[in-house]
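So in our numbering, the last spot in the sequence shown is 92, and the numbers never skip.
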Amino acid sequence: LPGLADMPDQDRAAYVQKQQRWLLFLRHCAKCKQAETECQLKNQCKFGKQLWQHILSCANQSCEYPRCGHSKELLKHHQKCQSSTCPICVP
């Protein structure tokens, strides 16, 4: 990911962890079949499910839907990444 190597170690570790958690959250939302009241993530899952549905049909490069652009960029990276040393994709 661009700029990752230029970050101080502490900032890089926090950034990587944040990206990993977001990928896991999106994965949860894409697969979660529980009702909002039954899912342990409650409103966060509801938002994530809405975001996921939006992402599936969004082709707008400059979309202003909350977290759409960042999420699409991260998902695209994760899908295409072939680096055996990528700190975000490998673990």
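Note that CB positions come from ideal geometry on N, CA and C, so glycine has one too. Please read these numbers as outputs of a predicted model, since none were measured by experiment.
Taking the C-beta atoms as reference points, cysteine 30 is found nearer than 8 angstroms to lysine 50. Bounds of any alpha helix (DSSP H) do not take in leucine 42, whose DSSP letter is neither H nor E. Cysteine 82 counts as exposed, since fewer than 16 other beta carbons sit within 10 angstroms of its beta carbon. Excluding five sequence positions before and after glutamine 45, the CB atoms of its chain that fall closer than 8 angstroms to its own CB belong to Phe26, given in chain order.
In the DSSP assignment, glutamate 74 falls within the unbroken alpha helix (DSSP H) covering 69 to 81.
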